[in-house]
Every structure is written in structure tokens, then in C-alpha cells.
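J.: I have a structure here, written as C-alpha cells, and I will follow up with some questions on it.
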Amino acid sequence: MSFFDKIETAWKERGTLLCVGLDPRPDPGEGAQGLYDRAMRLVEACAPYAACFKPNSAFFEAYGEAGMAALIRLVGQIPDETPVLLDAKRCDIGSTAEAYARACFEVIGADAVTLSPYMGRDAADPFLAYVDKVVFMLARTSNPRAGVFQDLVVGQGTLYEAVAAECASWSDRVGLVAAGNDPSGLAAVRRAAPEAWILAPGIGAQGGDIAEAWLAGSRSDDLGILPVAARAIAGAENPASAARNLVEAMRRASKKGNGNVPGTARGAGFGPGIALKRRIMRGLVDTGCFRVGRFTLKSGKVSPFYVDLRRVISDPRLLADIAMAYASAAEGLQFDRIAGIPAAALPLATAAALTLGRPMVWPRMPVKDHGTGNRVEGNCHPGDRLLLLDDLITTGASKREAIEILRAEKLVVEDLVVLIERGKQGRRDMKTQGVMLHAFFHVRELFSLCEELGVIDSVQRRDMEAFTEDE
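Structure representation (C-alpha cells):
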């Protein structure tokens, strides 16, 4: 079977497309045999969960003849049904490229190899001359400074999108490398090359989430992506368990994104908002904006969770993502200005206004009785349409007060955007005010992610959902 046939079989029979990276960074005083031993332990532990293995040739090459012998022996020990993708990133032309291809495929015995596209198709053809082999061309890489070149504008898009589209046109045996820790970039590569297989490194230690990568990069047939985990598995106390957890997260993402089981046709493709939503929800957990415990609310009720978006301002990246979320929620709405509700929403409204390029105002709550006596801060005029913005909504009490102040100034308020919706009452309250509620996500979605991440268990999730249902 070809490389891709083996990969598709792994998904159909074992429900995995996980690429396990074999990057055995040398320990002090360790020789080539030590690298081989550590890599083989990973192979043996992860064999049930790996769709392919990706040894990095550099760590073995550094040991000269002994290291290369260890690499060849390692590749030979990997089960035949699991293909080997050699991470070598070669780039040359002519007889030099032919020699590289012979080394990778005939001497080392790899089934596929990573290449740099900088020299064009001439660098790939000697490898593609091996009709049963596959190449993966670098498109969007996971290193922090990659954007210096890759984000350059070429035509109507970026350089990396142009590279992806061009390389994918060479052969159906050309895959692409796109960073798994950059969901938006990964999604852009998928749009540029709808049918190509994508190798997505950066999962785990480099910050990539396997579910986000899956949703951003998988094809419409539920295939097409190989998320790569290396340090996240090698550095785990139990590598087999770490690999299994990644595969399970991948399967959940497949079902969540498509509603289907492995091997069946997908219903809807990737929506860019899905990755953004998951990133924000994880950020809320990581920054302590979402907490689990017993919290007495203003109403006197004891809640099993607490959401405090005031902490968002301490994380610039999360704040920027949330601004994008408001922009997404506001898409298609007609408004002249954004009106943030004091106090928690004011920095969020400011960030959203900067992202959307719209002016911002805010109502005084309570109305001040000193100075200018302004009821609304910021420039506005009677008849202006305002997009009301708040952090979340449970009931409509504070929103009603803001709406009354703004409408008293002859400003039009017909839409409210919030990041999080809790319960059902807030939507009802807004309807009675003649205001349409637009929420980026419901808190139940956050509960689901928290269970997936192990922050809460299924019992806690049910308790939280029951509490929210009664709000």
C-alpha cells in the first residue's frame, strides 16, 4: 500500500491520524544507541495509536555513521503497516536532490519526507520520481518568526497560501506542512489546497490544540490532516496514555465538527469561528476567568461555577481574540457606534471598537450629577444606531438601564452582543425591550470543553447545566 493508503486505513480501522514525532534530543553523554533506545520505546508504546511515525534525521545525523546506522535500524523496526515520514527538510536540485532522494528512500527506507519549497518544483521532482513515495512541502511553519517571509502579501493572499496552492498542484503525492498551533493559518492552507494532505506540527508543547487543528485542517471527507505530537508524548510520564488521549480528542473533534463517525462523509466544513471559540474558552479557563467551586451570587444563589471577564485585560492575546469574537458576532449588523456597558465591558468594547474600526460611546451608570452632566460619554448624535456590548448576560437588568439611558438621548438600540450567554432569561428580557441578542457562545459550550480538558467531570457538568437551566 502507498503512504496515503496506509494512513487512510489507520483512520478507518483504528480511528487515528496521529503522527508521532521521534525527536530524541540527546542527553549529556548519550550516544547513538541511547537515541535509538529512546525512540524505540516510543514506537513500542505508541504503535496502537500512531497513523505514522516521523523521525527527525538531524538528531541521528549529529552522531555521524553510528547515528545514521541507528536511524536506519529504527526505521526498519517500525511495523510495516505504519508508514515512516522522515523529517529532513531537504532542498536542492539536479543530481544533489537525486542523491538526497536516494538517501531518504533507498538507504534510510522512509515512505515520505519533508522538503523546503524555496527552489520550486525542481527540488521536488527527484523525490516524486519514486512513484510509491510522498513529499510534504513546508508552507506555514510553527516557528515564531516564520511570518517575516511567510506573511508577505502575494497577489490577493500571503506567500504561504501561494506556496500551498502551487505545491499542491504538482502531484497528488505532494502534501503540505502547516502549523498546528496556528489554526487560522492552517485553515488558510486548507482553503488554498482543498484536497491536499496536511502535516500539522506544533501540537502540545508548542501550544497547539489537536481538536482545533483538526477542525481547521481536516478535509470535507474527514481526512487530510496529520496532527504531529512529539514532546507532548515523549515528555509525558506515560507516553502511551498521552498518545491515546490525543487520539481520543481527535475523534471527539471529528464527531463534533461533522456529526459523523470515522470514514463517513462530512456534513459541513471548517468554520473559522470554531477554532477562535475554542481558543477563547481555553483562555478563560487558563486565566481563571472561569472557575469551579461554590460561589454566592448577587441573587443569593450558590453557583457551582463563576465567570469573571474582568481578568481578560491581563492577557493581551486573549483580549485580542475576544475582540475578534465580538466582530464575528456583529457580522451583518447595521450600526454607527459601539456602546459598552460599564464597567466590565468597557475594555472589551474598546478592543472591539479598535478591531472593527468603529467609534465607541458608553452610558453613565448611574448618571453623574457633576461636571458636564453627560448621560452618554463619547461623541454621538440623535438617530445614531448603537451596537450595545456587554461581557455576558444572565438577566436583562443592567442592560435595561443602559438601554433606557441611551434611548433617552434619542439613540437607536436594537442589537446587543455578548461574549457569553447564560440561561434563557436574558434573551427573553431583551426581546421585551425590542433588542435582539447575539451571543458568541453559550456557557454550556464552555462546560463541554472543560469536561474534554479534564477541568470538570461529567457529574459536575450536569450540575452546572442544571443550574444554568434554572437561571
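Numbering of the sequence shown is given in my numbering, commencing with residue 10 and proceeding in unit increments.
C-beta: ideal position from N, C-alpha, C; glycine also.
1. Thr150: which of Lys98, Ala110 and Asp181 sits nearest, CA to CA?
2. Between the Cα of Pro375 and the Cα atoms of Gly189, Ala411 and Tyr139, which residue gives the shortest distance?
3. With Asp472 as the anchor, note down where its alpha helix (DSSP H) starts and where it stops.
4. Quick check on this structure: which residue in Ala353, Ala202, Leu328 and Val385 has the alpha carbon closest to the alpha carbon of Asp181?
5. Under the three-state reduction of DSSP, which class applies to Leu342: helix, strand or coil?
6. Considering Cα atoms alone, identify which of Pro37, Leu51 and Tyr335 is closest to Leu447.
7. CA-CA distance, Val140 and Ala251?
8. Report the start-end ranges of each beta strand (DSSP E) in the segment 183–217 that is 3 residues or longer and not cut off at the edges.
9. Return yes when the Cβ of Ala56 is within less than 8 Å of the Cβ of Arg91, no when it is not.
10. Could you have a look at Lys142 and say whether DSSP puts it in helix, strand or coil?
11. Count the other C-beta atoms from every protein chain shown that fall within 10 angstroms of the C-beta of Met259, then say buried if there are 16 or more, exposed otherwise.
12. With a floor of 4 residues, list each alpha helix (DSSP H) that falls wholly inside the segment 221–248, ordered by position along the chain.
13. Could you say which of Val421, Leu137 and Val122 lies nearest to Arg394 if we only look at CA atoms?
14. Would you check if the segment 339–347 and the segment 399–410 touch, i.e. whether three or more CB-CB distances between them fall below 8 Å?
15. Report buried or exposed for Thr131, applying the criterion of at least 16 other Cβ atoms within 10 angstroms of its Cβ.
16. With Val311 and Arg303 assumed to form a contact (beta carbons below 8 Å), what rounded beta-carbon distance in angstroms separates them?
17. Are Ile207 and Ile242 close, meaning C-beta to C-beta below 8 Å?
18. Report the start-end ranges of each beta strand (DSSP E) in the segment 122–179 that is 3 residues or longer and not cut off at the edges.
19. Kindly provide the ranges of any beta strand (DSSP E) runs that are 3 or more residues long and lie completely inside the segment 376–424, ordered along the chain.
20. Pull the bridge partners of Glu90 from the DSSP assignment, please.
21. Out of Leu137, Val29, Glu53 and Arg287, which one is the CA nearest neighbour of Ala220?
22. Report the three-state DSSP secondary structure of Pro37 (helix, strand or coil).
23. Are there any heavy atoms of the ligand ADP lying less than 7 Å away from the beta-carbon of Leu397, as far as the coordinates show?
24. What three-state label does DSSP hand Tyr58 in the structure shown?
25. What is the DSSP secondary structure of Pro325, reduced to helix, strand or coil?
26. Does DSSP put Met259 in a helix, a strand or coil?
27. Would Ala209 and Gly189 qualify as a contact pair, given that the criterion is a beta-carbon distance under 8 Å?
28. In the structure shown, what three-state DSSP assignment does Glu17 receive?
29. Where Phe62 and Ser323 are concerned, what is the direct C-alpha to C-alpha distance, given to the nearest angstrom?
30. Tell me which residue opens and which closes the alpha helix (DSSP H) that Arg111 is part of.
T.: Here's the rundown:
1. Of the candidates Lys98, Ala110 and Asp181, the residue whose Cα lies closest to the Cα of Thr150 is Lys98.
2. Ala411
3. Ser467 to Asp479
4. Ala202
5. coil
6. The sequence shown places His at residue 447, rather than the Leu named in the question. Cα-wise, what sits closest to His447 is Tyr335.
7. 35 Å
8. 183–187 and 207–209
9. According to the sequence displayed, residue 91 carries Thr and not Arg. Result yes, Cβ atoms of Thr91 and Ala56 sit closer than 8 Å.
10. coil
11. buried
12. 240–243
13. Ranking the options by Cα distance to Arg394, first place goes to Val421.
14. no
15. The sequence shown places Asp at residue 131, rather than the Thr named in the question. Label assigned to Asp131: exposed.
16. Contact flag correct, Cβ pair sits at about 5 Å.
17. No, the pair does not count as a contact, with Cβ atoms beyond the cut-off.
18. 143–149
19. Complete beta strand (DSSP E) runs here, min 3: 394–402.
20. DSSP lists no partner for Glu90.
21. Arg287
22. coil
23. Within the structure as shown, the ligand ADP is missing, as the structure has no ligands at all.
24. coil
25. helix
26. helix
27. yes
28. helix
29. 39 Å
30. Gly103 to Arg111
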